[in-house]
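Residue numbers (my numbering): -2 to 86.
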């Protein structure tokens, strides 16, 4: 797998053993033939301020503006949880 990645990094992504990847079967053993999975996703770069950007990875097929609105709504939820967490201790 590492050799495939070295020669064609446009189409292959190396996932280190320390990363969790739930799509591999439990029975696979080191040295067995590699199994390939096609993963489709989009990478979006959203401007959140003057000269500030956020990069999102999604498998959603919503249009860019829809993803941007969802992200903005989710951000409010995350900051609310953070505030509650620090107030409660």
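In this text, a Cβ means the ideal position worked out from N, Cα and C, and glycines have one as well.
Cα-Cα, which of the options is closest to residue i?
| i | options | result |
| --- | --- | --- |
| residue 62 | 42, 77, 76 and 46 | 42 |
| residue 57 | 72, 46 and 37 | 37 |
| residue 59 | 47, 48, 74 and 39 | 39 |
Output the boundary residues of the beta strand (DSSP E) element that contains residue i.
| i | result |
| --- | --- |
| residue 51 | 49 to 55 |
| residue 87 | Residue 87 lies beyond the residue range present for the chain, which begins at -2 and ends at 86; the question has no answer from this structure. |
| residue 39 | 39 to 46 |
Grab me the residues of residue i's own chain with a C-beta within less than 7 angstroms of its C-beta, minus the 5 sequence neighbours each way, in chain order.
| i | result |
| --- | --- |
| residue 51 | 43 and 45 |
How close, in whole Å, do the beta carbons of residue i and residue j come, if the pair is a contact with beta carbons under 8 angstroms?
| i | j | result |
| --- | --- | --- |
| residue 64 | residue 76 | Actually they do not touch by this definition, with Cβ atoms about 19 angstroms apart. |
| residue 53 | residue 68 | 6 angstroms |
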